[in-house]
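>
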Ligand SMILES: [Zn+2]
Ligand SMILES: [Zn+2]
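See below:
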């Protein structure tokens with residue numbers, strides 16, 4: 237007889253760990269117990285085949301993440317005659333909870349099988365799939381601590397739950413038509429539409445062109461078919477923004493370039509993200525996306541799958557239901573209140589969404605939005621003994637917490653610029669700290685004194701008695717890539733710099749512990765009207781090229797004399813004209829120069845439109861001018877735009893100029909990065925910042941550095957954009973604390 241206490245740590249909750257252990261115990265004739273302590277599973281076991289059992293359970297079930305397995309002798313142990321699953325107890329919380337998991341193949345088969353008791357049931361799930369983070373209130377993960385607590389299991393579900401041979405043995409989300417959450421179809425105004433199967437009715441209404449709000453895993457989507465796209469965009473007040481679409485896998489190659497094998501795996505895997513793929517014909521489906529690409533995803537819940545069996549339309553537009561700049565709506569009453577006039581109908585259910593979670597977005601294998609399926613994202617790293625919170629920046633923010641060797645990042649939160657989003661940030665921080673049991677000792681935040689997130693950090697620091705640690709935006713970006721010594725290339729929209737100007741095209745040499753020295757940057761230029769220059773990129777163009785030629789160009793684009801005079805005077809007198817080195821703003825100005833974008837109606841519109849034009853053009857060689865100023869290498873962006881204007885005047889096509897400007901800017905950035913490599917003696921470069929999402933820019937930088945023998949690293953686990961900043965803040969604070977610097 238052999239025996240022992242096996243302790244397995246990691247993501248062991250919500251992944252079917254205990255039933256997995258039970259099945260192995262049965263297989264090897266092991267007796268004993270298994271208990272879930274939150275982030276660890278403890279197995280007391282004995283039997284002849286103990287070693288084989290130990291070997292198998294150490295691997296864990298499919299969705300688990302195992303950090304460590306240890307074994308110790310059992311004390312005062314009386315060998316039981318059976319193997320049993322004990323009720324959970326709270327314990328170490330380092331493993332945190334798993335992210336929501338898309339409906340698995342087996343459950344899909346059940347839903348489609350007329351002989352299964354799960355046939356046609358929209359909320360079918362098992363130990364391998366179903367909602368997790370979005371329904372969890374507290375750990376350990378058991379039904380009574382999730383929003384499934386409202387739905388006591390029926391005798392059949394209870395039998396499946398207790399049956400060790402069943403796939404749903406100990407599946408906390410088990411439910412069926414009899415006992416589980418139920419769907420209902422409402423009018424936009426909230427009255428119940430009775431009498432019909434809600435999914436069947438919704439499919440018919442969608443095919444007829446109606447707009448329906450559908451409650452999903454982590455929030456509501458606004459849905460319609462392609463023919464209703466224009467009406468939807470008008471109603472939402474987002475005339476130009478791309479809309480994500482959902483379709484079956486067999487339809488996808490009709491719309492976008494066939495994903496690679498790895499991309500298919502991601503699309504069909506546990507996460508089911510939105511994937512930005514190039515359109516087959518860049519000019520097609522302009523009503524869905526004016527860009528050369530389209531965000532596509534596959535059905536990821538039972539509800540989606542059932543809807544697509546009834547729908548005649550090949551695709552559904554699925555856009556998050558939220559007012560601009562505010563969090564996605566999760567409650568039916570809020571949808572009626574805020575979107576009742578936009579949507580014709582509401583397909584909802586009675587399972588509460590405890591934690592909001594938007595769809596994740598991926599492009600070229602890189603994360604653009606870290607959310608459903610990926611988040612909470614947990615990374616093992618050693619940042620010392622202190623517990624640390626990072627509240628993120630202002631735009632596209634999320635929050636991160638570090639405790640006991642693990643960094644955990646929340647789903648996407650949004651732009652922390654208004655009270656509802658600030659409240660959502662606070663709620664998320666509360667959730668992260670309570671689920672991990674973290675009590676922040678250090679709170680890292682953006683250097684910008686006015687950000688609302690900075691104020692949240694200050695309030696929390698007071699509450700926890702924690703130390704504040706301001707981290708400069710672009711240094712946080714680079715720290716999110718690596719803690720090693722690198723020459724960081726942070727190409728970005730905007731972030732507050734050391735000198736109180738707006739940075740965003742920075743070469744930063746160093747590491748979190750020694751600090752990063754700014755060895756180069758883009759030319760400091762003016763933003764006439766501050767935020768107005770972001771909204772109206774033609775202002776930005778004048779900020780970079782304040783010349784008579786620019787004024788005449790703007791005049792030809794409809795600016796009247798008064799507006800031109802005000803712009804010129806404002807710029808000359810430096811009235812409300814912040815200084816910026818942002819890469820994003822240069823791309824914006826180029827889009828304005830070429831007449832591609834006059835007004836930004838959504839985040840990143842001018843630069844994304846420029847990228848779409850550049851993708852169709854051929855880059856021509858342009859001059860790269862680099863000056864040394866105060867010992868730093870400064871890439872003159874005004875010279876690039878001036879040459880672009882000359883090309884425009886000489887009648888070269890807009891696509892080629894777009895490609896030329898983008899390419900020259902990129903090569904120039906690579907050159908100032910190489911200069912940083914030479915002056916600092918550091919061997920490796922690291923790329924981050926939202927502009928790195930642009931494929932051509934990213935690949936050209938990496939390629940150009942490679943040609944000079946320099947390798948440039950990125951971090952595919954965290955977004956290039958500001959969704960990577962909160963973890964960079966925590967990493968920086970952790971390393972400074974380890975060195976005794978805070
Ligand atoms: Zn399943
Ligand atoms: Zn049931």
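Numbering (this note's numbering), first residue to last: 237 to 978. Each residue gets a CB set at the ideal place from its N, CA and C atoms; glycine is no exception.
#1: Starting from residue 898, trace the alpha helix (DSSP H) both ways and give me its first and last residue.
#2: Once you ignore the five residues that flank residue 367 on each side, which residues in its own chain have a CB closer than 7 Å to its CB?
#3: Can you pull the DSSP bridge partners for residue 554?
#4: Can you determine whether any heavy atom of ligand 2 sits closer than 7 Å to the C-beta of residue 416, and answer yes or no?
#5: Is it a yes or a no for the stretch 448-467 touching the stretch 569-589, going by three-plus beta-carbon pairs under 8 Å?
#6: Is the shortest distance between the beta-carbon of residue 411 and the beta-carbons of chain D less than 8 Å?
#7: For the stretch 706-726 against the stretch 930-949, are there 3 or more C-beta pairs whose distance is under 8 Å?
#8: Give the straight-line distance between the Cα atoms of residue 586 and residue 422, rounded to the nearest whole angstrom.
#9: Can you tell me where the beta strand (DSSP E) holding residue 533 begins and where it ends?
#10: Going by the C-beta, is residue 395 closer than 7 Å to any heavy atom of ligand 2?
#11: For the stretch 546-564 against the stretch 431-440, are there 3 or more C-beta pairs whose distance is under 8 Å?
#12: Compare the C-alpha of residue 670 against each of 520, 274, 512 and 414 and name the closest.
#13: Thinking C-alpha only, which one of 917, 570, 685 and 702 is nearest residue 656?
#14: If you measure from the CB of residue 389, is any heavy atom of ligand 2 nearer than 7 Å?
#15: I'd like to know if the stretch 732-747 and the stretch 792-812 are in contact, where contact means that at least 3 CB-CB pairs between them fall below 8 Å.
#16: Can you tell me the Cα-Cα spacing of residue 378 and residue 495, whole angstroms?
#17: Is residue 343 near ligand 1, in the sense that its beta carbon is under 7 Å from a heavy atom of that ligand?
#18: With distances taken from CA atoms, which of 479, 818 and 783 is nearest residue 805?
#19: Can you tell me where the alpha helix (DSSP H) with residue 392 in it begins and where it stops?
#20: Please say whether residue 510 and residue 532 have beta carbons closer to each other than 8 Å?
#21: Do you know how far the Cα of residue 310 is from the Cα of residue 291?
#22: Please tell me whether residue 605 and residue 455 are closer than 8 Å, where the distance is taken between their beta carbons.
#23: Which parts of the stretch 249-315 are runs of the alpha helix (DSSP H), unbroken and 4 residues or longer, counting only runs that do not cross its ends?
#24: Tell me where the beta strand (DSSP E) around residue 513 begins and ends.
#25: Quick check on DSSP: helix, strand or coil for residue 699?
#26: Give the secondary structure of residue 875 by DSSP, where H, G and I count as helix, E and B as strand, and everything else as coil.
#27: Would you call the stretch 882-891 and the stretch 837-846 touching, i.e. three or more CB-CB distances under 8 Å?
#28: Among the residues of its own chain, which have a CB less than 8 Å from the CB of residue 317, if the five just before and after it don't count?
#29: Per DSSP, which one or two residues make a beta bridge with residue 660?
#30: Between which residues of its own chain and residue 771 is the CB-CB distance below 6 Å, once the five residues before and five after are set aside?
#31: Under 7 Å from any heavy atom of ligand 1, does the C-beta of residue 593 make it?
#32: Count the other C-beta atoms from every protein chain shown that fall within 10 angstroms of the C-beta of residue 930, then say buried if there are 16 or more, exposed otherwise.
#33: Hey, residue 244 and residue 301: beta-carbon distance below 8 Å or not?
#34: Taking only heavy atoms of ligand 2 into account, decide whether any of them is closer than 7 Å to the Cβ of residue 586.
#35: Decide if residue 904 is buried, meaning its Cβ has at least 16 other Cβ atoms within 10 Å, or exposed.
#36: Output the distance between the C-alpha atoms of residue 500 and residue 554, rounded to the nearest integer angstrom.
Considering the structure as presented:
#1: Where residue 898 is concerned, the enclosing alpha helix (DSSP H) stretches over 890-916.
#2: Listed in chain order, the non-local C-beta contacts of residue 367 below 7 Å within the same chain comprise 336, 409 and 453, local neighbours out to five positions each way being set aside.
#3: As computed with DSSP, residue 554 is found in a beta bridge with 459.
#4: Within the chosen limit of 7 Å, ligand 2 reaches the beta carbon of residue 416 through at least one heavy atom.
#5: Flag = yes, the stretch 448-467 and the stretch 569-589 touch.
#6: Within the model displayed, chain D is absent; a lone protein chain is all it includes.
#7: Result yes; three or more Cβ-Cβ pairs closer than 8 Å.
#8: Residue 586 and residue 422 have their C-alpha atoms roughly 13 Å apart.
#9: Residue 533 -> beta strand (DSSP E) spans 529-533.
#10: It does not: the Cβ of residue 395 is nowhere closer than 7 Å to a heavy atom of ligand 2.
#11: Result yes; three or more Cβ-Cβ pairs closer than 8 Å.
#12: When only C-alpha atoms are compared, the closest one is 274.
#13: With distances taken between Cα atoms, residue 656 lies closest to 570.
#14: Flag set: Cβ of residue 389 near ligand 2.
#15: In this structure the stretch 732-747 does not touch the stretch 792-812; the number of beta carbon pairs closer than 8 Å is below three.
#16: Between residue 378 and residue 495, the C-alpha separation is close to 37 Å.
#17: Within the cutoff, so yes.
#18: Comparing Cα positions, the closest option is 783.
#19: Unbroken alpha helix (DSSP H) run through residue 392: 391-398.
#20: The answer is yes: Cβ separation under 8 Å.
#21: Going by the C-alpha atoms only, they are around 18 Å apart.
#22: Not a contact, by the Cβ cut-off of 8 Å.
#23: Entirely contained in the stretch 249-315, the alpha helix (DSSP H) runs reaching 4 residues are, in chain order, 253-264 and 286-293.
#24: 510-514 is the extent of the beta strand (DSSP E) around residue 513.
#25: Residue 699 falls in the helix class under three-state DSSP.
#26: Helix.
#27: Segments in contact, no.
#28: Sequence-distant partners of residue 317 (beyond 5 residues in either direction) whose C-beta falls short of 8 Å from its own C-beta, in its chain, are 267.
#29: Checking the DSSP bridge columns, you'll see residue 660 has no partner listed.
#30: The answer, listed in chain order, is 836.
#31: It does not: the Cβ of residue 593 is nowhere closer than 7 Å to a heavy atom of ligand 1.
#32: Answer is buried; the Cβ neighbour count reaches 16.
#33: No; because the gap between Cβ atoms is not below 8 Å, this pair is not in contact.
#34: Within the chosen limit of 7 Å, ligand 2 does not reach the beta carbon of residue 586 with any heavy atom.
#35: So residue 904 counts as buried.
#36: When the Cα atoms are used, residue 500 and residue 554 turn out to be separated by approximately 20 Å.
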